[in-house]
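Working notes, structure below.
Residue numbers (our numbering): 988 to 1450.
In C-alpha cells, the structure reads:
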C-alpha cells in the first residue's frame, strides 16, 4: 500500500540531500576540536593560544546565533530550496576565508560559516518535515540528528591524518586547511544538486504563495498519482486559511514573526520550540564534550590516542542517532524525549560522583559514551523530529536561535563554573536540570506518533 502512494526511494534521496545542511553545521562546530594545535602551528598564537582557542571556538555558535533568525525571512521570500542554496554560497565564502593564514581572516571565515550553519540548522528540519509523507516520518525524521552526528564523526576522523608534533616545521601540518575547506565542497555539491536536479521547492511554500498547481508538481516527485491527494491533505489546514482575490487566485495570509510571538493561537507551539531549544543544551552535552577531552588526554597519554577516543565518542553519538529510527517507529516522540532525560539525569549523576569525588577515569569514559548513546536518540533525533512536527517555519527559527543562544552562554559560563565549583557540581547541576526538564515535557508536550500534520496542529493551536 505504501509503495502505491509514495515514491520511497525518491523521498529518501531528497531527504539525504536536504540534511547535508545540518551535516555542515555540526562539522563546522567540531572541526576545530582535534586540530587546534595544528592551526596554532600556522597562525602562531604563542602565549595567547588559550585565548585564541576560546575566541575561535565561539565564532561558529555566534555566527549561527545571527544566522538562525534570518532563516524564517529567507524561507518565506526565497523558499526552502532557495534558502539552502544561498546558505551554500555563504558556506563556500566562509570556508575560503578560513584557510587564509591570518588570524583575522580565519575568525571572520568562522563567523561566516556560523551564519550559514545557523540558516542550515533552522531550514533543513523544516524542509525535511514538509516533504516527508506522514508514513515515513519515523524513518526520515531522525536524519537530522544522524547528519549532525555524522558531521562530528567526519571532523573527528579527519583529525587523525594531522601531525601530532612539530607543528611549526612539518609541512604536513598544512593539511588542517583541507579540513576547513571540506564544507565548501559539500556546499558546492548541494548547490548544484538543487540547481540542476531538484528544481522544486517545498509544497507548503508553493501553497502558502497561492501556487497549488506548482505544489502538486512538487508533491509528484515524492508521491504517486494515487497518493497525491493524501500529500495535499497534509497542508489542508493551511489552504483553509487562504482568501480569494479579485482575480480568483488563492493568496495566503502569511504568518509573521509578530503573529507567532503575540497571538495566543501559537503560544504553545512557540513555548515548546523555545523550551526544547534550551533543554537540549542544559542536558550537559557541551559539558560532556569539554570534559571528555581532558579524560581522553589523561587515559590515552598521547594526542593521537586522545583523538582516537574522541572518534569513538563520535561513533557512539552516530550509533545512538541510527538507533532512533526503529525506536521512533515503536514509541511516541514525547516518550523517547522523557526517557532520555531520565537516563541522562542518572548518567550525569554518575559522572558527578566519578569525576572529582571518587576519581575513576575508566568509569567516566564509559559513562560519557553511554551518555552519548542516550542523548543521540532522545534529545538529538527525537527532539528535532518533534520540533519539525509541531513547529511552523518561524517557530523552528526561534527554537534554533534559542538553542544557539544557550550554546553560547554555556560555552562562556561553563569554564568559569568548572574552575569555581569543580566538574562534579557541574554534572550534578545538569542532572538536576534533567529532572526539571522531564517534568516540563511530561506536562506540556503532546503525543504526535501516527498523527497527521493537521491533527498535530489542532492539538497545539489555541492551547
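Note that beta-carbon positions come from the ideal geometry of N, C-alpha and C, so glycine has one too. Because the structure is a prediction, the values reported are computed rather than measured.
The three-state secondary structure of residue 993, taken from DSSP, is strand. Under the rule that a run must span 4 or more residues, no alpha helix (DSSP H) segment is found entirely inside the stretch 1376–1402. Inclusion of residue 1421 and residue 1310 in the CB contact set at 8 angstroms is not warranted, their separation being larger than that value. According to DSSP, residue 1210 shares a beta bridge with 993. Within the stretch 1138–1224, no beta strand (DSSP E) run of at least 3 residues lies entirely inside it.
Classified as buried, residue 1190 has 16 or more neighbouring CB atoms from the shown chains inside 10 Å of its CB. In the three-state scheme derived from DSSP, where H, G and I count as helix and E and B as strand, residue 1270 is classed as coil.
Taking the Cα of residue 1009 as reference, the smallest distance to any Cα among 1403, 1264, 1110 is reached at 1110. Here the alpha carbon of residue 1023 sits roughly 7 angstroms from the alpha carbon of residue 1040. Taking 8 angstroms as the cut-off, the beta carbon of residue 1107 is found no closer than this to the beta carbon of residue 1043. Here residue 1152 is exposed, its C-beta having fewer than 16 other C-beta atoms within 10 Å.
Beta-carbon to beta-carbon, residue 1081 and residue 1103 are separated by about 6 angstroms, close enough to satisfy the 8 angstroms threshold. Comparing alpha carbon positions, the residue from 1342, 1424, 1017, 1430 closest to residue 1413 is 1342.
Under the three-state reduction of DSSP, residue 1419 is assigned to helix. When secondary structure is reduced to three states using DSSP, residue 1356 falls in the helix class. The alpha carbon of residue 1078 has as its nearest neighbour, out of 1061, 1088, 1047, 1068, the alpha carbon of 1047.
DSSP, reduced to helix, strand and coil, places residue 1089 outside both helices and strands of the structure shown, so it counts as coil. Residue 1129 carries a coil assignment under DSSP once its states are collapsed to helix, strand and coil.
Within the same chain, Cβ atoms closer than 7 angstroms to the Cβ of residue 1389 are found at 1261, 1264, 1265, the five residues on either side in sequence being excluded. Nearest in C-alpha terms to residue 1154, of all of 1015, 1296, 1031, is 1031. When the five nearest sequence neighbours on each side are left out, the beta carbons in the same chain lying within less than 6 angstroms of the beta carbon of residue 1140 are those of 1301, 1305, in order along the chain.
DSSP places residue 1292 in the uninterrupted alpha helix (DSSP H) bounded by 1290–1317. By the CB criterion at 8 angstroms, residue 1096 and residue 1055 fall outside the cutoff. Distance from the CA of residue 1067 to the CA of residue 1159, rounded to the nearest whole angstrom, comes to 40 angstroms.
Between the alpha carbons of residue 1002 and residue 1119 lies a distance of about 8 angstroms. In this chain, the alpha helix (DSSP H) harbouring residue 1323 covers 1320–1339.
With contacts defined as CB atoms closer than 8 angstroms, residue 1423 and residue 1435 fail to qualify as a contacting pair.
With a 10 Å radius around the Cβ and a threshold of 16 neighbouring Cβ atoms, residue 1186 comes out exposed. As the crow flies, the alpha-carbon of residue 1409 is around 33 angstroms from that of residue 1321.
Classified as buried, residue 1308 has 16 or more neighbouring CB atoms from the shown chains inside 10 Å of its CB.
Membership of residue 1034 in any alpha helix (DSSP H) is not indicated, and neither H nor E is assigned to it by DSSP. Ranking 1018, 1062, 1440 by CA distance to the CA of residue 1100 puts 1018 first. Cβ contact annotation for residue 1204 (same chain, cutoff 8 angstroms, sequence separation greater than five): 1187, in chain order.
A buried status is given to residue 1171, since no fewer than 16 other beta-carbon atoms sit within 10 Å of its beta-carbon.
When the beta-carbon positions are compared, residue 1405 and residue 1364 stay at least 8 angstroms from each other. Judged by pairs of C-beta atoms under 8 angstroms, the stretch 1141–1150 does not touch the stretch 1359–1376, as fewer than three such pairs exist.
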